[in-house]
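Chemist: Residue numbers (the UniProt record's numbering): 1 to 173. All C-beta atoms in this analysis are idealised placements derived from N, C-alpha and C, irrespective of residue type, glycine included. Just so it is clear, the structure is predicted and the values come from calculations on it, not from any experiment. The structure under discussion is supplied below as C-alpha cells; questions concerning it will follow.
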Amino acid sequence: MTIQDRKNPTLLEKRLNGKEVENSQKRYVGFIGLSFILSFSLAGLDRRFEWTQLSVNVSLIGLFIMISGYAMYALVMIQNSYAARVVKVEANQAVIDTGLYAVIRHPMYTASLLLFLSMPIVLGSVVAVFPMLLFPVGLVLRIRNEEALLINELPGYSEYTKKTKYRLIPYIW
1 MTIQDRKNPT
11 LLEKRLNGKE
21 VENSQKRYVG
31 FIGLSFILSF
41 SLAGLDRRFE
51 WTQLSVNVSL
61 IGLFIMISGY
71 AMYALVMIQN
81 SYAARVVKVE
91 ANQAVIDTGL
101 YAVIRHPMYT
111 ASLLLFLSMP
121 IVLGSVVAVF
131 PMLLFPVGLV
141 LRIRNEEALL
151 INELPGYSEY
161 TKKTKYRLIP
171 YIW
C-alpha cells in the first residue's frame, strides 16, 4: 500500500472510511459479512476439533492464490484512484478502461474472490470453504446493482460495458 499512498494518498482514507447508503448495498455487504463470520468461525472450530485436514501442499497452493489476490488488489489500487469502498459516483469521475480494467470490469472484486476464497484453504479447513461460497453470490448481486448505478450515473460506462464484456472472470462472466 505504500506505493499507492504516494500516488494517491486519499485513496486509502476513502477505502477505510465509508458506509453504504443504499439499502440494497447494505444487504449485500451484510450477506457477504455473514459468509465471512461463518467461514472463519468454522475454520477455528475445525482446527480445534480436527474435523478436517488439508495437506501442506494444498494449503501452499491456497497461499499462492491468496498472495496473487493481494497483488491484484494492490495493482487495482494503483490503476484506479476512484476505487472507493462504497458504491457511488464521484464528481469528475472517469471510466477506467486500461490495465486490468481493459480485461474485466471489476478487477477489485476478482482480487477479493481470489483472496477470500483461498483463506479457508490456507487455514487448512474444508468445512470453512462452504460458507465462504456464499461470498461470490453476494458479490454477484452487488455487482449487478452497482453496474445499474454506473450505467445511469457515470458517463461512458455503458460504452465501456460493450467494450469490456466480462465483469469478473475473463471468458466466463
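By Cβ distance below 7 Å, which residues in the same chain neighbour Q53 in space, the five residues on each side in sequence not counted?
Modeler: For the purposes of this step, residue 53 is taken as residue 53 along the sequence shown, with counting starting at 1. The residues are G124.
Chemist: Look at V122 and M77 and say whether their C-beta atoms are less than 7 Å apart.
Modeler: Sequence index remark: in the sequence shown, residue 122 carries index 122 (1-based). Sequence index remark: in the sequence shown, residue 77 carries index 77 (1-based). No, they are not a contact pair.
Chemist: Can you give me the Cβ contacts of D97 inside the same chain, cut-off strictly under 8 Å, excluding the 5 residues immediately before and after it?
Modeler: For this step, residue 97 is matched to residue 97 along the sequence shown. Here the set comprises Y160, K163, T164.
Chemist: Is it right to say F116 is buried, meaning 16 or more other beta carbons lie within 10 angstroms of its own, or is it exposed?
Modeler: Within the sequence shown, the letter at position 116 stands for residue 116. F116 comes out buried.
Chemist: Roughly how many angstroms separate the alpha carbons of Y157 and D46, rounded to a whole number?
Modeler: Position 157 of the sequence shown, counted from the first residue, corresponds to residue 157. Position 46 of the sequence shown, counted from the first residue, corresponds to residue 46. So the alpha carbons of these two residues sit roughly 44 Å apart.
Chemist: Quick check: what's the CA-CA separation for Y28 versus V58?
Modeler: Against the sequence shown, residue 28 aligns to sequence position 28. Against the sequence shown, residue 58 aligns to sequence position 58. Those two C-alpha atoms are separated by around 30 Å.
Chemist: Taking only three categories from DSSP, how would you classify D46?
Modeler: As a position in the sequence shown, residue 46 is number 46, starting the count at 1. Correct three-state label for D46: helix.
Chemist: Tell me where the alpha helix (DSSP H) around P136 begins and ends.
Modeler: Numbered from 1 along the sequence shown, position 136 holds the residue referred to as residue 136. That run of the alpha helix (DSSP H) goes 134-153.
Chemist: For F49, which residues of its own chain have a beta-carbon under 8 Å away from its beta-carbon, when the five flanking residues on both sides are left out?
Modeler: For the purposes of this step, residue 49 is identified with residue 49 of the sequence shown, where counting begins at 1. Around F49: no qualifying Cβ.
Chemist: With a 10 Å radius around its C-beta and 16 neighbouring C-beta atoms as the bar for buried, classify G99 as buried or exposed.
Modeler: Position 99 of the sequence shown, counted from the start, is the residue given in the question as residue 99. With fewer than 16 other Cβ atoms within 10 Å, it is exposed.
Chemist: Do you know how far the Cα of G138 is from the Cα of F31?
Modeler: Along the sequence shown, one-based indexing puts residue 31 at 31. Along the sequence shown, one-based indexing puts residue 138 at 138. So the two alpha carbons sit approximately 6 Å from each other.
Chemist: Please state if the CB of L114 and the CB of S39 are separated by a distance shorter than 7 Å.
Modeler: Within the sequence shown, residue 39 is the residue found at index 39, counting from 1. Within the sequence shown, residue 114 is the residue found at index 114, counting from 1. Their beta carbons are not under 7 Å apart, which means S39 does not touch L114 by this criterion.
Chemist: Can you give me the Cβ contacts of Q25 inside the same chain, cut-off strictly under 6 Å, excluding the 5 residues immediately before and after it?
Modeler: As a first step, residue 25 must be located in the sequence shown, where it is residue number 25. Result list for Q25: V87, in chain order.
Chemist: With a 10 Å radius around its C-beta and 16 neighbouring C-beta atoms as the bar for buried, classify E146 as buried or exposed.
Modeler: For the purposes of this step, residue 146 is taken as the residue at position 146 of the sequence shown. Burial call: buried.
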